[in-house]
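Engineer:
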Amino acid sequence: MSVSLVLVVTMAVLFACGIYLLLERSLTRMLLGFLLVGNGANLLILIVSGPAGLAPFYGEEGTIADPLPQAFVLTSIVITFGVSAFLMALIYRSWRLAHADVVVDDSDDIELARRDASVAAEDTHAASGDTEFGTTATAAVSTALDLEEIEREEETRAAAEREAQEREVQSRDIAERAEGDAGKKGDDE
């Protein structure tokens, strides 16, 4: 399999320029970078698919080209087109709202990240033990449910219900005895 050096170099240049443009702050440059990376990926698929041949439905069996890489490239083109249209809508919306297509740093997000990093550093110093998890295991999420506590609450609730039922049975027995005693006293008189 002989691959044209020009195709390999073109693919590498497309990937390099595309990645460079994707790392820019301008949304328009990000869109162009995405398009270049998409075209580089299409070239990669065609290069890897093997040597060129005749049309997939014409010619001898040995010289027929495999249609699958061509289908991959067509699918990739459609996906790239769809994502590009979405990016263009984002760029248009950004331009209409802020009259700029440059992504700026959000100072609130930066401050929040700094606070999270300092809290994580304090937690790391505070947790000392034999393992990386410290001496006591804590819930991974602060709002996570404690299953043992839920079981204890259910047991307490069940015990309270049993006691209430026992008290109800006892009060019925007392009431029945009182009625029976009252009936006997009425008969005696």
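Sequential numbering from 0 applies to the sequence shown in numbering that gives the first Met the number 0.
Where is the CB? At the ideal position from N, CA and C, for every residue including glycine.
1) Tell me the residue span of the alpha helix (DSSP H) that contains A40.
2) According to DSSP, is V102 part of a helix, a strand, or is it coil?
3) Which of the three DSSP states is assigned to A112 in this structure?
4) Which of the three DSSP states is assigned to R171 in this structure?
5) Could you spell out where the alpha helix (DSSP H) holding S93 opens and where it closes?
6) Please confirm if the region 11-22 is in contact with the region 98-111, defined as three or more CB-CB distances below 8 angstroms between the two stretches.
7) Okay, do the region 35-43 and the region 5-16 touch, 3+ Cβ pairs below 8 angstroms being the bar?
8) So L30 and I90 are in contact, right, with Cβ under 8 angstroms, and what is the actual spacing, rounded?
9) Are there three or more Cβ pairs, one per stretch, closer than 8 angstroms when the region 64-73 is compared with the region 101-113?
10) By the DSSP assignment, the alpha helix (DSSP H) with L6 in it spans what residues?
11) From the DSSP output, in three-state form, read off A158 for me.
12) Rounded to whole angstroms, what is the Cα-Cα separation between V7 and P66?
13) When the Cα of V103 is compared with those of L26, A11, Q164, E148, which residue comes out closest?
14) Residues in its own chain within less than 7 angstroms of G39 by CB, not counting five upstream and five downstream?
15) To the nearest whole angstrom, what separates the beta carbons of I44 and S75, a pair I think is in contact under 8 angstroms?
Structural biologist: Let me lay it out:
1) For the purposes of this step, residue 40 is identified with residue 41 of the sequence shown, where counting begins at 1. From DSSP, the alpha helix (DSSP H) with A40 extends over 26-47.
2) Here residue 102 is taken as the residue at index 103 of the sequence shown, counted from 1. Three-state DSSP puts V102 in coil, outside helix and strand.
3) Taking the sequence shown and counting its residues from 1, one reaches residue 112 at position 113. If DSSP states are grouped into helix, strand and coil, A112 belongs with the helices.
4) Taking the first residue of the sequence shown as position 1, residue 171 is located at position 172. Looking at R171 - three-state DSSP - the assignment turns out to be helix.
5) One-based indexing of the sequence shown puts residue 93 at position 94. For S93, the enclosing alpha helix (DSSP H) has its first and last residue at 66-97.
6) Too few Cβ pairs lie closer than 8 angstroms, so no.
7) By the Cβ rule, the region 35-43 counts as touching the region 5-16, because three or more pairs are nearer than 8 angstroms.
8) As a working note, residue 30 is residue 31 in the sequence shown. As a working note, residue 90 is residue 91 in the sequence shown. The Cβ separation is near 6 angstroms, so the contact holds.
9) As far as the Cβ criterion goes, the region 64-73 does not touch the region 101-113, which means the pair count is below three.
10) Position 7 of the sequence shown, counted from the start, is the residue given in the question as residue 6. 4-21 is the span of the alpha helix (DSSP H), which, as asked, contains L6.
11) Locating residue 158 in the sequence shown gives position 159, where the first residue counts as 1. If DSSP states are grouped into helix, strand and coil, A158 belongs with the helices.
12) Within the sequence shown, the letter at position 8 stands for residue 7. Within the sequence shown, the letter at position 67 stands for residue 66. Near 21 angstroms, if we compare the C-alpha coordinates of P66 and V7.
13) What you label residue 103 is simply residue 104 of the sequence shown in a count that begins at 1. Residue L26 holds the alpha-carbon nearest to the alpha-carbon of V103 among L26, A11, Q164, E148.
14) Reading the sequence shown from its first residue, position 40 is the one you call residue 39. Excluding residues within five positions, the ones whose Cβ falls inside 7 angstroms are M10, L13, F14, G17.
15) Numbered from 1 along the sequence shown, position 45 holds the residue referred to as residue 44. Numbered from 1 along the sequence shown, position 76 holds the residue referred to as residue 75. At roughly 7 angstroms, the Cβ-Cβ gap stays under 8 angstroms, so I44 and S75 are in contact.
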